[in-house]
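Notes follow the structure.
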Amino acid sequence: MRVARRALAVATMLAFGMTAPMYGHAKAKIYTMLPNTALSGVVDPALPDRTAIHKAWPKQPANASQLKIGWTDITLGNPWFVELIKGARQTSAKYGYSVDVQVADGDLQRQCAQIDNFVTRKMDVIVVDPTDTLGVAACINRAVDAGIPVVTVGTTPDANARVLTTLLGNPYASGFEVGQYVAKAAGKDTPIDAAVIIGVLGNSTSESRINGLIAGIVDARMRERSPNASREDAMLRGFELFQTLKKTGKLSAPDIKFNVLGLGVGKWTEEGSLAATEDILSANGDRLNFILSENDFMGLGALRAVRNVGKQGKIRIADAAGGYRGELDQIKKGNILVTGENSGEQTGVAAIEFIHEAFTHRVDANNLPMGSGFPPAIITQSNVDQKIDPDPKNLFYKYTIPPIKSIPEIRAQATGN
Numbered sequence: 042m043r044v045a046r047r048a049l050a051v052a053t054m055l056a057f058g059m060t061a062p063m064y065g066h067a068k069a070k071i072y073t074m075l076p077n078t079a080l081s082g083v084v085d086p087a088l089p090d091r092t093a094i095h096k097a098w099p100k101q102p103a104n105a106s107q108l109k110i111g112w113t114d115i116t117l118g119n120p121w122f123v124e125l126i127k128g129a130r131q132t133s134a135k136y137g138y139s140v141d142v143q144v145a146d147g148d149l150q151r152q153c154a155q156i157d158n159f160v161t162r163k164m165d166v167i168v169v170d171p172t173d174t175l176g177v178a179a180c181i182n183r184a185v186d187a188g189i190p191v192v193t194v195g196t197t198p199d200a201n202a203r204v205l206t207t208l209l210g211n212p213y214a215s216g217f218e219v220g221q222y223v224a225k226a227a228g229k230d231t232p233i234d235a236a237v238i239i240g241v242l243g244n245s246t247s248e249s250r251i252n253g254l255i256a257g258i259v260d261a262r263m264r265e266r267s268p269n270a271s272r273e274d275a276m277l278r279g280f281e282l283f284q285t286l287k288k289t290g291k292l293s294a295p296d297i298k299f300n301v302l303g304l305g306v307g308k309w310t311e312e313g314s315l316a317a318t319e320d321i322l323s324a325n326g327d328r329l330n331f332i333l334s335e336n337d338f339m340g341l342g343a344l345r346a347v348r349n350v351g352k353q354g355k356i357r358i359a360d361a362a363g364g365y366r367g368e369l370d371q372i373k374k375g376n377i378l379v380t381g382e383n384s385g386e387q388t389g390v391a392a393i394e395f396i397h398e399a400f401t402h403r404v405d406a407n408n409l410p411m412g413s414g415f416p417p418a419i420i421t422q423s424n425v426d427q428k429i430d431p432d433p434k435n436l437f438y439k440y441t442i443p444p445i446k447s448i449p450e451i452r453a454q455a456t457g458n
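Each number in this note's numbering corresponds to the 1-based position in the sequence shown with 41 added.
If you want it as structure tokens, here you go:
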């Protein structure tokens, strides 16, 4: 029975982008690097308790049935963020909560001013979609010191930020599964000569998605050559290759026939990716067979660039995260190979549902991990029809809201207790 429970625990952790260490052995090196900007979503099964961290929790609102929520977001510059806010507003209305949404337009100082304004107005809780993972921590902590709990969405902030948790698609695990699929689609002996389009260097979500994607390719190719290869070893090698990519704009792993020939910054938008991909195609178009894009909108921009030079079908596109309806249409047609699930609406709904559960004491919000990532899943041509929502109001895939797991629950999964 204990063996069966441990097997189930390991399977569960793999679904969440985690890997259990071998019992009685030293911790795998990759876990000693946490927290790290490029490892958001990777969870050390021995992660430390957060109960003693001052998070302005528990909070006694003036009226628990009419919570006042202050929400500061990076941008409303693409449909993901628009759907994020739509989901938050609709779910807030369901519970009778008020939500005041302010948009920082990517400006850290503006976001901090918005947080300070929410403090002055005595909001019951503040939601932050971080413009800057490091710089926003001090502004979040000012709110917490003033007695207002903070929840983050979309991007896990610096570990010094005393948030309750972060609601987000698991960026690393999503990328990892996409990378595994890319390697399978390429075939064992076909070189992967790729370009990478990342949203923003230095952003934990951006870096973790691409780092995970690289590690997924490495994992699949290492296992093809050595069935006993360790997942943690692949994660570590992928991390090291990603660091090389950041420094030099390229990476090379000839033993597993994997190269990245160019790195472009797409700023999470179709137009930004179009421009970045055009530059890379100009320099390396004759050698590329894959473009590894961080998100759906950048994947669509890359597809436009590839079409413009007559390379559609010759250069395949994989997105580490997404699920936008326009992207799903292209997956169905075979023009985009794969994407990891990441819905703006799902994230907005999950944030308000979590706040509701916390304030109604249905979940203990005082000992949660910094990042509460959704279980990763990929969308391919084989399952896209099941993912498309018949409701045209949902601009992304059909989704459910997963439960939030506490640190003790995560530890129990890791040990099989």
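For every residue, glycine included, the Cβ atom is placed at its ideal position computed from N, Cα and C.
All figures in this text were calculated on a predicted structure; none of them were measured in a lab.
### Message
Between which residues of its own chain and residue 392 is the CB-CB distance below 7 Å, once the five residues before and five after are set aside?
### Response
Excluding sequence positions up to five before and after residue 392, its CB lies within less than 7 Å of the CB of 129, 168, 192, 194, 208, all in the same chain and listed in chain order.
### Task
Would you mind stating whether residue 364 and residue 437 have Cβ atoms separated by less than 7 Å?
Yes, they are a contact pair.
### residue 312 versus residue 197: straight-line alpha-carbon distance, rounded
Distance between the alpha carbons of residue 312 and residue 197 is about 26 Å.
### Query
Once you ignore the five residues that flank residue 97 on each side, which residues in its own chain have a CB closer than 7 Å to its CB?
If you ignore the 5 residues before and after residue 97, its C-beta comes within less than 7 Å of the C-beta of 185, 188, 189, 190, all in its own chain and listed in chain order.
### Contact the region 108-115 vs the region 133-140: 3+ CB pairs below 8 Å
A contact exists between the region 108-115 and the region 133-140.
### Query
Skipping 5 residues on each side, what residues in its chain have a beta carbon closer than 6 Å to that of residue 199?
Result list for residue 199: 174, 175, 178, in chain order.
### Query
At what residue ranges does the region 89-153 contain a whole run of the beta strand (DSSP E), taking only runs of 3 or more?
Counting whole runs of 3 or more residues, the region 89-153 contains the beta strand (DSSP E) stretches 109-114, 139-144.
### Query
Quick one, are the C-beta atoms of residue 172 and residue 149 less than 7 Å apart?
Yes, they are a contact pair.
### Message
Taking a contact to mean a Cβ-Cβ separation below 7 Å, would you say residue 408 touches residue 92 in this structure?
### Response
Yes. Within cutoff.
### Task
Could you pull the start and end residues of the beta strand (DSSP E) that residue 233 belongs to?
233-239 is the extent of the beta strand (DSSP E) around residue 233.
### Selected residue, minimal CA-CA separation from residue 231, among 216, 217, 262
When C-alpha distances from residue 231 are compared across 216, 217, 262, the shortest belongs to 262.
### Query
What are the partner residues of residue 359, as DSSP defines its beta bridges?
DSSP output for residue 359 lists 333, 379 as bridge partner(s).
### Query
residue 439 by DSSP, collapsed to three states: which one?
Secondary structure at residue 439: coil, using DSSP grouped into helix, strand and coil.
#### Entry: Cut-off 8 Å between Cβ atoms - residues of its own chain near residue 270, not counting five sequence neighbours on either side
260, 263, 264, listed in sequence order.
### Segment contact, 8 Å Cβ cut-off, at least three pairs: the region 396-413 with the region 368-382
As far as the Cβ criterion goes, the region 396-413 does not touch the region 368-382, which means the pair count is below three.
### Beta-ladder partner(s) of residue 293, from DSSP
Residue 293 pairs with 300.
### Query
Excluding the five sequence neighbours on either side, which residues of its own chain have a C-beta within less than 8 Å of the C-beta of residue 478, listed in chain order?
Here the chain comprises residues numbered 42 to 458, so residue 478 is not present and cannot be evaluated.
### CA nearest to the CA of residue 307, picked from 103, 343, 298
That would be 343, whose Cα lies nearest to the Cα of residue 307.
### Message
Whole angstroms are fine: how far does the CA of residue 275 sit from the CA of residue 70?
### Response
Cα to Cα, residue 70 sits roughly 11 Å from residue 275.
### Query
Between residue 87 and residue 151, what straight-line distance do the alpha-carbon atoms span, to the nearest angstrom?
Straight-line Cα distance between these residues: approximately 37 Å.
### Query
When DSSP builds the beta bridges, which residues end up paired with residue 210?
Answer is 415.
#### Entry: Presumed contact (8 Å Cβ cut-off) between residue 362 and residue 303, rounded CB distance
In fact, because the Cβ distance is near 21 Å, the residues do not count as touching under 8 Å.
### Task
Report the three-state DSSP secondary structure of residue 445 (helix, strand or coil).
Here DSSP, grouped into helix, strand and coil, assigns residue 445 to coil.
### Message
Closer than 6 Å to a non-hydrogen atom of the ligand MG - does that hold for the CB of residue 387?
### Response
Here there are no bound small molecules, and the ligand MG is not part of this structure.
### Query
According to DSSP, which residues form a beta bridge with residue 305?
DSSP output for residue 305 lists 238 as bridge partner(s).
### Message
The alpha helix (DSSP H) that contains residue 12, what's its start and end?
### Response
Nothing about residue 12 can be reported from this structure: the residues present for the chain run from 42 to 458 only.
#### Entry: Distance, residue 240 Cα to residue 369 Cα
Each residue's alpha carbon lies about 20 Å from the other.
### Task
Select from 238, 267, 67, 427 the residue whose C-alpha is nearest the C-alpha of residue 290.
Selected option, being the one with the closest Cα: 238.
### Query
Which residue's Cα is closest to the Cα of residue 217: 439, 155, 335, 371?
The shortest C-alpha separation from residue 217 is found at 335.
### Query
Around the C-beta of residue 221, are 16 or more other C-beta atoms found within 10 angstroms, so that it is buried, or is it exposed?
It counts as buried.
### Query
Exposed or buried, which one is residue 104 when buried takes at least 16 other CB atoms within 10 Å?
With fewer than 16 other Cβ atoms inside 10 Å of its own Cβ, residue 104 counts as exposed.
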